[in-house]
Amino acid sequence: MDESFKPVIDEQIKVFESTYPEAHITVEYKPEADCFRDLDSADTRMIIVTREPDSQEKVYYHDKLQYNLSYGIVARDAIAVVVNRNTPDSVFSREDLRKILDGSSGQKYQVVFDGLKATGTVRYAIDSILNGKKFDTSVVKAVENSQEVINYVAANTNAIGMVGVSWIGNPEDPEQVKMLEKVNIAMIKCETCLEEEKNICLKPTQRFILSRQYPFTRGLYYIAKENYAGLGRGFAEFMWQDKGQLIFKRAYLAPAHLPFIIRKTKINK
221 MDESFKPVID EQIKVFESTY PEAHITVEYK PEADCFRDLD SADTRMIIVT REPDSQEKVY
281 YHDKLQYNLS YGIVARDAIA VVVNRNTPDS VFSREDLRKI LDGSSGQKYQ VVFDGLKATG
341 TVRYAIDSIL NGKKFDTSVV KAVENSQEVI NYVAANTNAI GMVGVSWIGN PEDPEQVKML
401 EKVNIAMIKC ETCLEEEKNI CLKPTQRFIL SRQYPFTRGL YYIAKENYAG LGRGFAEFMW
461 QDKGQLIFKR AYLAPAHLPF IIRKTKINK
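The numbers in our numbering rise by one with no breaks, and the one at position 73 of the sequence shown is 293.
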């Protein structure tokens with residue numbers, strides 16, 4: 221499983237195994253590229269990553285397995301940009317971050333990732349912020365995991381971290397509340413808002429992930445090799461159905477298959 225999804229996937233597995241006591245999932249959290257490599261192993265039934273298989277991967281596994289992979293999106297999450305609590309800058313545009321990452325901004329920031337070459341977060345930054353270009357390696361730092369990203373940003377005023385929002389976006393999770401006492405979540409300029417709201421900046425809240433007004437949203441996909449009712453397919457269906465979708469909702473992500481209505485309301489003081 222992609223490590224950036226660990227908090228919400230841990231909760232999914234916990235509820236799945238309590239619902240089906242005879243089922244037991246052995247999970248390993250690692251960079252996304254390693255997940256795809258593991259998919260080639262006979263021991264791996266399913267992976268959870270930030271993209272669906274590409275055309276070459278579909279052909280490869282069809283030829284190898286003699287049937288198609290099963291895959292689909294179960295939720296949407298976002299990349300949260302975190303900054304030190306003493307840093308004056310906490311509002312960025314995509315262009316601001318692109319210039320910081322390619323070294324052309326002139327600002328002395330260090331961008332921290334949960335690994336440098338192979339994670340879903342790194343791939344997202346390269347594909348969607350840098351448009352396929354390379355990092356300026358002098359401004360990028362790799363640490364072991366998302367927790368270490370947050371710890372590093374908390375200790376360094378010039379650091380900017382990028383983590384999956386399920387690590388830090390749930391205000392009802394005591395552990396995540398503690399993390400938010402260490403760092404701030406930056407606001408990112410909206411790119412799809414109406415003309416009169418073109419300068420609005422947003423945090424990766426559930427509402428703005430669902431509407432995709434927050435710029436750095438992404439999918440959470442399962443890819444299963446089973447073409448029968450096995451453990452991998454069973455867990456995928458669990459996440460797809462109501463109970464799993466509610467877990468994503470309670471984790472403040474955007475469930476992909478649960479009706480979700482946003483209503484305007486007026487609060488009287």
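Each residue gets a CB set at the ideal place from its N, CA and C atoms; glycine is no exception. Bear in mind the structure is a predicted one, so any value in this text is a computation, not a measurement.
Reduced DSSP category for residue i - H, G, I as helix; E, B as strand; rest coil
{"i": "residue 325", "result": "coil"}
{"i": "residue 409", "result": "strand"}
{"i": "residue 221", "result": "coil"}
{"i": "residue 464", "result": "helix"}
{"i": "residue 456", "result": "helix"}
{"i": "residue 330", "result": "strand"}
{"i": "residue 243", "result": "coil"}
{"i": "residue 353", "result": "coil"}
{"i": "residue 362", "result": "strand"}
{"i": "residue 414", "result": "coil"}
{"i": "residue 499", "result": "Since the displayed the chain opens at 221 and closes at 489, residue 499 lies outside it and no answer follows."}
{"i": "residue 388", "result": "coil"}
{"i": "residue 394", "result": "helix"}
Delimiting residues of the alpha helix (DSSP H) encompassing residue i
{"i": "residue 335", "result": "That residue, residue 335, is in no alpha helix (DSSP H); it is neither H nor E in DSSP."}
{"i": "residue 374", "result": "366-375"}
{"i": "residue 427", "result": "426-431"}
Local Cβ density within 10 Å of residue i, reported as buried at 16 or more and exposed below that
{"i": "residue 223", "result": "buried"}
{"i": "residue 378", "result": "exposed"}
{"i": "residue 358", "result": "exposed"}
{"i": "residue 248", "result": "exposed"}
{"i": "residue 456", "result": "buried"}
{"i": "residue 448", "result": "exposed"}
{"i": "residue 246", "result": "exposed"}
{"i": "residue 440", "result": "buried"}
{"i": "residue 445", "result": "buried"}
{"i": "residue 352", "result": "exposed"}
{"i": "residue 316", "result": "buried"}
{"i": "residue 397", "result": "exposed"}
{"i": "residue 365", "result": "buried"}
{"i": "residue 386", "result": "buried"}
{"i": "residue 462", "result": "exposed"}
{"i": "residue 327", "result": "exposed"}
{"i": "residue 390", "result": "buried"}
{"i": "residue 479", "result": "exposed"}
{"i": "residue 259", "result": "buried"}
{"i": "residue 437", "result": "buried"}
{"i": "residue 375", "result": "exposed"}
{"i": "residue 344", "result": "buried"}
{"i": "residue 287", "result": "exposed"}
{"i": "residue 473", "result": "buried"}
Range covered by the beta strand (DSSP E) that runs through residue i
{"i": "residue 441", "result": "437-444"}
{"i": "residue 381", "result": "379-384"}
Paired residues, beta bridge with residue i - DSSP
{"i": "residue 474", "result": "296"}
{"i": "residue 404", "result": "303"}
{"i": "residue 250", "result": "222"}
{"i": "residue 228", "result": "BP columns for residue 228 are empty, so no partner."}
{"i": "residue 422", "result": "408"}
{"i": "residue 312", "result": "408"}
Where are the beta strand (DSSP E) runs, 3 residues long or more, that stay fully inside the segment 253-305, in chain order?
Within the segment 253-305, the runs of beta strand (DSSP E) that reach at least 3 residues and sit entirely inside it are, in chain order, 266-269 and 290-304.
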